[in-house]
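Asker: Each residue of the sequence shown is one higher than the one before, starting from 1 at the first, in full-length UniProt numbering. Would you mind keeping the following structure in view while I ask a few things?
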Amino acid sequence: MSSAGAVEANRLEDPALVRELYEASMAGVEIDLIVRDICRLRPNLEGVSETIDVHSIVGRFLEHSRIYYFHAGGEERYYVGSADWMERNFDNRVEAVAPIRDTKLQSQLETIIETLLADTENRWCMAADGSYHRATTSADGSSVDVHEAFMERARDGESY
Numbered sequence: 001m002s003s004a005g006a007v008e009a010n011r012l013e014d015p016a017l018v019r020e021l022y023e024a025s026m027a028g029v030e031i032d033l034i035v036r037d038i039c040r041l042r043p044n045l046e047g048v049s050e051t052i053d054v055h056s057i058v059g060r061f062l063e064h065s066r067i068y069y070f071h072a073g074g075e076e077r078y079y080v081g082s083a084d085w086m087e088r089n090f091d092n093r094v095e096a097v098a099p100i101r102d103t104k105l106q107s108q109l110e111t112i113i114e115t116l117l118a119d120t121e122n123r124w125c126m127a128a129d130g131s132y133h134r135a136t137t138s139a140d141g142s143s144v145d146v147h148e149a150f151m152e153r154a155r156d157g158e159s160y
């Protein structure tokens with residue numbers, strides 16, 4: 001089974017972590033990063049980050065949760081926390097990250113990540129040169145606005 005990961009955070013600046021993500025990509029790990037603000041990693045660099053996609057979602061709600069998902073060796077792990085992946089947060093602050101072990105909550109986090117990655121209205125995709133282009137509509141021509149989708153679920157009293 002292949003390895004994969006997904007992260008949602010506001011910033012990815014820590015140089016050591018960027019190097020680790022490049023190494024994971026070179027080992028074949030599929031990685032989706034949803035980073036609203038500064039991202040020092042460059043995706044889709046030949047031989048370096050070909051398996052990494054970087055997305056940025058900016059819309060009605062600017063603050064994002066911090067969700068971390070890892071899948072390797074048939075085991076899935078989910079975490080939530082306060083830390084953006086920044087050197088100052090890792091080295092000079094006290095941040096909290098907690099594992100999510102409840103399968104219902106894991107399913108909700110998976111739905112959140114999938115909805116974020118399906119967004120066609122607010123999502124931007126980073127190119128290897130660091131420029132961004134707007135996400136395109138899905139193969140069936142439909143569009144998804146993640147903020148509207150989350151608000152609709154809340155109005156309908158649905159959880160994830």
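In this text, a Cβ means the ideal position worked out from N, Cα and C, and glycines have one as well.
1. For residue 161, list the residues DSSP reports as bridge partners.
2. Figure out for me which residue from Ala24, His147, Ser138 and Glu110 has the closest Cα to the Cα of Ile57.
3. Got a sec, what are the start and stop residues for the alpha helix (DSSP H) Leu21 sits in?
4. Taking 8 Å as the cut-off, decide whether the C-beta atoms of Arg11 and Ile38 are in contact.
5. Is Leu12 helix, strand or coil when you go by DSSP?
6. Taking Glu13 as the reference, which of Ser143, Tyr132 and Leu41 has the closest Cα?
7. May I have the straight-line CA-CA distance separating Arg155 from Ser107, to the nearest angstrom?
8. Output the distance between the C-alpha atoms of Thr120 and Gly59, rounded to the nearest integer angstrom.
9. State the start and end residues of the unbroken alpha helix (DSSP H) segment that holds Val146.
10. Three-state secondary structure (DSSP) at Leu33?
11. Residues bridged to Ile57 by DSSP?
12. For Pro15, is the classification buried or exposed, using 16 other Cβ atoms within 10 angstroms of its Cβ as the cut-off for buried?
13. Pick helix, strand or coil for Ala6, following the three-state DSSP scheme.
14. Taking only three categories from DSSP, how would you classify Ile113?
15. For the beta strand (DSSP E) holding residue 211, just list the boundary residues, first then last.
16. Using 8 Å as the Cβ pair cut-off and three pairs as the minimum, do the segment 108 to 128 and the segment 63 to 73 touch?
Answerer: Taking the geometry as given:
1. Any answer about residue 161 is impossible in this case: the structure gives the chain only from 1 up to 160.
2. Closest by C-alpha distance to Ile57, out of Ala24, His147, Ser138 and Glu110, is His147.
3. Counted as a single uninterrupted DSSP element, the alpha helix (DSSP H) harbouring Leu21 occupies residues Pro15 to Met26.
4. Arg11 places its beta carbon less than 8 Å from that of Ile38.
5. In the three-state scheme derived from DSSP, where H, G and I count as helix and E and B as strand, Leu12 is classed as strand.
6. Here the closest residue by C-alpha is Leu41.
7. Approximately 20 Å between the Cα atoms of the pair.
8. Here the C-alpha atom of Thr120 lies approximately 11 Å from the C-alpha atom of Gly59.
9. Membership of Val146 in the alpha helix (DSSP H) is indicated by the continuous run Val146 to Arg155.
10. In the structure shown, Leu33 sits in a strand (DSSP, three-state: E or B).
11. Paired residue(s): Arg123.
12. Around the beta carbon of Pro15, a 10 Å sphere encloses fewer than 16 other beta carbons of the protein chains shown; the residue is thus reported as exposed.
13. DSSP places Ala6 in strand when its eight states are reduced to three.
14. The DSSP-derived three-state label of Ile113 is helix.
15. Not covered by the structure: residue 211. The range shown for the chain is 1 to 160.
16. A contact between stretches requires three or more CB pairs, one per stretch, nearer than 8 Å, and the segment 108 to 128 meets this requirement with the segment 63 to 73.
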